[in-house]
Each structure stands twice: as structure tokens, then as C-alpha cells.
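Residue numbering for the sequence shown follows my numbering, beginning at 61 and increasing consecutively.
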Amino acid sequence: MSNGTYSGRNIDVALQNAAKALGVDAGDIQYDVMAGQGGGFALIKVKSGGAGAPVLGQESLSGSGPSPDGGHDDAPMREAREDRGGRRDDRGGRRDDRGGRRDDRGGRRDDRGGRRDDRGGRRGAWPDVPSDGPTEIQIVVAEGVTLSETGQAALDLLIDLLTEMEYGVEGTVSESKDRVSFELNSDAYGEVFVAREMGLLRSLEYLVEKIVSDGDRRVKVSMDINGARAQADEDLGQSARDLAQRAIEEERVYKMGPLDPRGRRLVHIALREMDGVTTESEGEGVFRRICIIPD
Numbered sequence: 061m062s063n064g065t066y067s068g069r070n071i072d073v074a075l076q077n078a079a080k081a082l083g084v085d086a087g088d089i090q091y092d093v094m095a096g097q098g099g100g101f102a103l104i105k106v107k108s109g110g111a112g113a114p115v116l117g118q119e120s121l122s123g124s125g126p127s128p129d130g131g132h133d134d135a136p137m138r139e140a141r142e143d144r145g146g147r148r149d150d151r152g153g154r155r156d157d158r159g160g161r162r163d164d165r166g167g168r169r170d171d172r173g174g175r176r177d178d179r180g181g182r183r184g185a186w187p188d189v190p191s192d193g194p195t196e197i198q199i200v201v202a203e204g205v206t207l208s209e210t211g212q213a214a215l216d217l218l219i220d221l222l223t224e225m226e227y228g229v230e231g232t233v234s235e236s237k238d239r240v241s242f243e244l245n246s247d248a249y250g251e252v253f254v255a256r257e258m259g260l261l262r263s264l265e266y267l268v269e270k271i272v273s274d275g276d277r278r279v280k281v282s283m284d285i286n287g288a289r290a291q292a293d294e295d296l297g298q299s300a301r302d303l304a305q306r307a308i309e310e311e312r313v314y315k316m317g318p319l320d321p322r323g324r325r326l327v328h329i330a331l332r333e334m335d336g337v338t339t340e341s342e343g344e345g346v347f348r349r350i351c352i353i354p355d
């Protein structure tokens, strides 16, 4: 990596990579966490002083980077604290010793968490990263496609990131207008990429898009692995059509759960050609949702 950024499977590995490249002790480096998704990826930016030299001293985790949805993600801070000593687990153990009441409440939370896992694994554990998985990366340009300079930069950057992570994948890249699309495949790492609502896949997508875009041209980057996102998109569209049919039959307005901009766009497209209903968005920020309205 360049521009003072270093990546790895987790924050500790990224820090070791930075120390090796800079020729200093890892414990002396001051840095900010730009991304730290649990389950296999972290990106840090080493603070620099005069003449671009790294700032040495007590390490810093104060600058967590923006999340794929545009906000600030405090997950890297939690990840770092857990990696450095698991103090949260220790505190949990002491509370158990005082009476075990937390165990009872925790059991009920596990029940709710199980249902969340069925919907997307938001509260479940990250799948294990194979220690002996493939590391070779083979991403080729799709047949009949010629990449622009920006498209090639996106491909090179993704390969660099995956190389640092030691995640072997294969796939193709294509480009049309202002969109660069990656279709990836990996039997070994597929579950890691799509865990927790495709957290790692979305983080890579976000990072590549932000880095290769410039002030004059904003490029959209999309990624899929093992067809998981395409299947999720199809399921969302079918759910919207089923709900629209109910809205027509019952002559009532139905509101879908909160969706990100991409999800809302997919629903609007899915119902655009359906007779008897219209769609509108309501709400603000992460609570914005779609209303399905019968004519």
C-alpha cells in the first residue's frame, strides 16, 4: 500500500506490515484506523510528520474511518480493544461470578440473536478464516471489455488489498460508463466476504470506490462473490412484488423495513412496471423506507 496506508487480516497484522515497511517498532507507530471489519480485513493510516516521516510514540486509534454507509464506524475501536486483551470478556466473567443473572438475560438475547442470524448474521460470530486457504489471485478483464485508466486503477487496488489479506479469489472485472464491476468467486473465503450483511465485501467496495474516484469523476464500484449479492437482490425484488400484490388485494399501504439507497433503488425498479401500485420513500437517513401504495 502507499500514501501511509497499510492493510492486513486485522489491525495487528496491518500494524506489523507498517512497521516492517518503515523499519520501526510496531509499538512506536502512531496511526488511525481507516477500516477494521472483523473477520479478515483492516486498514490503518500511519501519522506522518515533517518530510513525511512517521510520527512515533504511543499508538493512536482515535481516527476511525467512515463506514460504507457514509457514517463513522466505531467497530475498529471495539476490535482493537478486544484484540489487545479481551477486557470486555474479563468484565463479563466477573459479572457472571456475582450472580449469573447476566447468563439468564444473555440466554434470551441469544434467542433473539439467532433470529437475526437467519436474516443476515448481524449479531453472529464471524466465520473462521481458513488458515491454509489459497492465496493466489486471478482477476481478469471480461471478454470484449477494455478498461479505462480508472478501471485499471480499481483492478490494481483490489488485487493489492486482497494480496495483503492473503485471500485467494478468482473472477472477472468489467466496466461500463462510470461503473466498474467485479464478479468474484472463492470457495474458501466466500462466507467471510458475505458475513454480517456482506460487511467485508461492502468495505472493499467502498474503499476502492473512494480511492480511485477523483474530484472530476466519481466512479461507482460494485462487487459480488459467488453470486451472493445477485441472489440477495433477487430475493429483495421478489419480496417487494409479493408485498405489492398484498397491497393491491387488501387496498392498503404497506411499508417495507429501512433500506440503504441501493436497496431502495432495487425496490423502485422491481415495482416500476407493476400495474396497480406506486412507490414512495419516507423517513430520514438509515430509517428511510419505501411505502408501497395501491392505486
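Backbone N, C-alpha and C define an ideal beta-carbon position, used for all residues, glycine too.
Boundaries of the alpha helix (DSSP H) in which residue i is found, first to last residue
i	result
Gln-291	288–310
Lys-237	No alpha helix (DSSP H) holds Lys-237; DSSP gives it neither H nor E.
Arg-256	250–272
Pro-190	It is not in any alpha helix (DSSP H) - Pro-190 carries neither H nor E in the DSSP assignment.
Gly-323	321–332
Ala-81	71–82
Close-in-space but distant-in-sequence residues of the same chain around residue i (CB under 6 Å, 5 per side omitted)
i	result
Gln-76	Ala-86
Gly-174	Because Gly-174 sits at a pLDDT of 38, beneath the cut-off of 50, its placement in the model cannot be relied upon, and the point is left open.
Glu-226	Thr-195
Met-316	Arg-349, Ile-350
Gly-343	Arg-349
Ala-74	Tyr-66, Ser-67, Gly-68, Ala-102, Ile-104
Ser-282	Ser-241
Residue range of the unbroken beta strand (DSSP E) whose run includes residue i
i	result
Tyr-227	That residue, Tyr-227, is in no beta strand (DSSP E); it is neither H nor E in DSSP.
Gln-90	First-last for Gln-90: undefined, no H or E at that position.
Arg-349	349–354
Ile-199	198–201
CB of residue i within 8 Å of CB of residue j, strictly
i	j	result
Gly-228	Glu-196	yes
Ser-234	Val-205	yes
Ile-352	Val-313	yes
Ala-304	Val-272	no
Leu-326	Leu-296	yes
Val-240	Ala-214	yes
Met-334	Arg-301	yes
Val-268	Leu-218	yes
Ala-78	Tyr-91	yes
Arg-277	Pro-318	no
Asp-238	Val-279	yes
Arg-322	Ser-341	no
Glu-294	Pro-354	no
Counted within 10 angstroms of its Cβ, other Cβ atoms place residue i as buried (16 or more) or exposed
i	result
Ser-124	Unreliable placement is indicated for Ser-124, whose pLDDT of 38 sits below 50; no coordinate value is reported for it.
Ser-191	exposed
Glu-224	buried
Val-346	exposed
Ser-208	exposed
Ser-236	exposed
Glu-265	buried
Gly-68	buried
Leu-211	With the sequence shown as reference, residue 211 is identified as Gly, and Leu is not the correct amino acid for it. Result: buried.
Beta-bridge partners of residue i, as assigned by DSSP
i	result
Tyr-66	Ile-104
Asp-216	Note: Asp-216 sits in no beta bridge, so no partner.
Glu-340	Cys-351
Asp-284	Glu-243
Lys-315	Cys-351
Neighbourhood of residue i by C-beta, 7 Å cutoff - its chain only, sequence neighbours within 5 removed
i	result
Ala-290	Asp-284
Val-254	Leu-261, Ile-285, Ala-288
Gly-231	Ile-199, Phe-242, Glu-243, Leu-244, Asn-245
Gly-193	Gly-228, Ala-248, Tyr-249
Ser-299	none
Ile-308	Gly-336, Val-337, Pro-354
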